[in-house]
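Undergrad: Below is the structure I would like to discuss, written out as structure tokens.
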Amino acid sequence: MTSPAPSSVPGRAALRADCSSCFGLCCVALPFAASADFAVDKEAGRPCGNLRGDFSCGIHSRLRESGYPGCTVYDCFGAGQRTAQVTFGGRDWRSAPETARDMFAVFPVMRQLHELLWYVEEALELPAARPVHAELRRARADVDRRARADAAAVAATDVPAVRAEVNTVLRRVGDLVRAAAPEPGPDHRGADLVGARLRGADLRGASLRGALLVAADLRGADLRWADLIGADLRGADLSGADLTGAVFLTQAQLNAARGDAATRIPPALDRPAHW
Ligand code: SF4
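1 is the number of the first residue of the sequence shown in the working numbering; add one for each residue after it.
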């Protein structure tokens, strides 16, 4: 990593998607395959048939019933508006088609950089992570510098290397948060917990880093102080679960799970509309 530079990222607010400032990049640049998540196949770089001329979605209010629940789960962490308005200076791929190829190459990389920034910003808000705040600030400056580069440099970013570097400090943050739990939590990092029956489980301080929790029954589980980075929560039932104080939980993870009015979620996240 390089020495810290002033960050242009003012906290997590700037890492929330602002579709009105984007050119529908997730609806064009990314591919998807006909499945339970998407009604049709679409290759990368081709606009979705539901994308309107003004870059809004023609079926936004009925995505789930129209066979596109995958679109309600996706979160770009604000990468769309940065790519559109900063990297490409507000020129859109329709009126300036010569930008399309580069823009569609930059967007997925920017999305990964912004996801890392989200985790780092979250960690910087955590009192338990104070011992590593200096490292976190260096990581933020490094990732932000990469995200502010020109299109060619962003597209050429070695994302796995950047991710590995940032993950080193994020792992320490997770351990510091977990150490604050009243009892040591279980270590389920990378565990296959698909469909696991964890109703009412005491998962306070658990490491669930990268755990497969697809369709797991987590109703009423206590997940405070748990590290949930990269956990696959698709279809997991979080009804009545307590996620306050869990770290590295994202909106996309929540959107992919099930839950109800009794699910307690961290204040920085929104209760999914379909719960
Ligand atoms: S269905 Fe709507 S949100 Fe999903 S890719 Fe198409 S235009 Fe975008």
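We treat Cβ as the ideally placed atom computed from N, Cα and C, and that holds for glycine.
Under a Cβ-count criterion, where at least 16 other Cβ atoms within 10 Å of its own Cβ denotes burial, should threonine 244 be classed as buried or exposed?
TA: It is exposed - the Cβ of threonine 244 has fewer than 16 other Cβ atoms within 10 Å.
Undergrad: Once you ignore the five residues that flank proline 272 on each side, which residues in its own chain have a CB closer than 6 Å to its CB?
TA: Answer for proline 272: Leu254 and Asn255, listed in chain order.
Undergrad: If you count every other CB in all the chains shown that lies within 10 Å of the CB of arginine 282, and 16 or more means buried, which is it?
TA: This structure gives no information on residue 282, because the portion of the chain shown stretches from 1 to 275.
Undergrad: How about leucine 170 and glycine 78: are their beta carbons less than 7 Å apart?
TA: In this structure, glycine 78 does not lie closer than 7 Å to leucine 170 by Cβ.
Undergrad: Write down every uninterrupted run of the alpha helix (DSSP H) in the region 86 to 140 whose length is 4 residues or greater and which is fully enclosed by it, in chain order.
TA: List check, alpha helix (DSSP H) in window: 100 to 124.
Undergrad: Output the boundary residues of the alpha helix (DSSP H) element that contains aspartate 217.
TA: Unbroken run through aspartate 217: none, as it is neither H nor E.
Undergrad: Can you give me the C-alpha to C-alpha distance between leucine 30 and alanine 44, rounded to a whole angstrom?
TA: About 5 Å.
Undergrad: If you draw a straight line from the C-alpha of alanine 164 to the C-alpha of phenylalanine 38, how long is it?
TA: Approximately 31 Å, taken between the alpha carbons.
Undergrad: Hey, would you say glycine 195 sits closer than 7 Å to alanine 215, going by beta carbons?
TA: Cβ atoms of glycine 195 and alanine 215: closer than 7 Å.
Undergrad: If you drop the 5 nearest sequence neighbours on each side, which residues of the same chain put their C-beta closer than 8 Å to that of aspartate 75?
TA: These residues qualify, in order along the chain: Ala17, Thr250, Gln251, Ala252 and Asn255.
Undergrad: Going by beta-carbon coordinates alone, are alanine 128 and leucine 176 separated by less than 7 Å?
TA: It is a contact, given that the beta carbons lie within the stated cut-off.
Undergrad: Kindly examine ligand 1 and report whether one of its heavy atoms sits closer than 6 Å to the Cβ of cysteine 76.
TA: Not so, every heavy atom of ligand 1 lies at least 6 Å from the Cβ.
Undergrad: Rounded to the nearest angstrom, how far is the Cβ of alanine 147 from that of arginine 197, given a contact under 8 Å?
TA: Incorrect: roughly 41 Å between the Cβ atoms, too far for contact.
Undergrad: With distances taken from CA atoms, which of Glu121, Gly90 and Val166 is nearest glycine 11?
TA: It is Glu121 whose Cα lies nearest to the Cα of glycine 11.
Undergrad: Would you say aspartate 227 and glycine 174 are within 7 Å of each other, going by their C-beta atoms?
TA: Closer than 7 Å, so yes.
Undergrad: Give me whichever residues DSSP pairs with cysteine 19 in a beta bridge.
TA: Bridge partners of cysteine 19: none, in fact.
Undergrad: Assuming threonine 99 and tryptophan 93 form a contact by the criterion Cβ under 8 Å, report the distance between their Cβ atoms to the nearest whole angstrom.
TA: With a Cβ gap of about 6 Å, threonine 99 and tryptophan 93 count as contacting.
Undergrad: Please classify serine 239: is it buried, with 16 or more other beta-carbons within 10 angstroms of its beta-carbon, or exposed?
TA: By the neighbour-count rule (16 or more Cβ atoms within 10 Å), serine 239 is buried.
Undergrad: Select from Val73, Leu25 and Ala33 the residue whose C-alpha is nearest the C-alpha of arginine 52.
TA: Ranking the options by Cα distance to arginine 52, first place goes to Leu25.
Undergrad: Is the distance from the Cβ of alanine 231 to the Cβ of leucine 203 below 7 Å?
TA: Contact: no.
Undergrad: Would you kindly work out how many angstroms separate the C-alpha atoms of alanine 36 and proline 131, rounded to a whole number?
TA: So the two alpha carbons sit approximately 44 Å from each other.
Undergrad: Under a Cβ-count criterion, where at least 16 other Cβ atoms within 10 Å of its own Cβ denotes burial, should threonine 263 be classed as buried or exposed?
TA: Burial call: buried.
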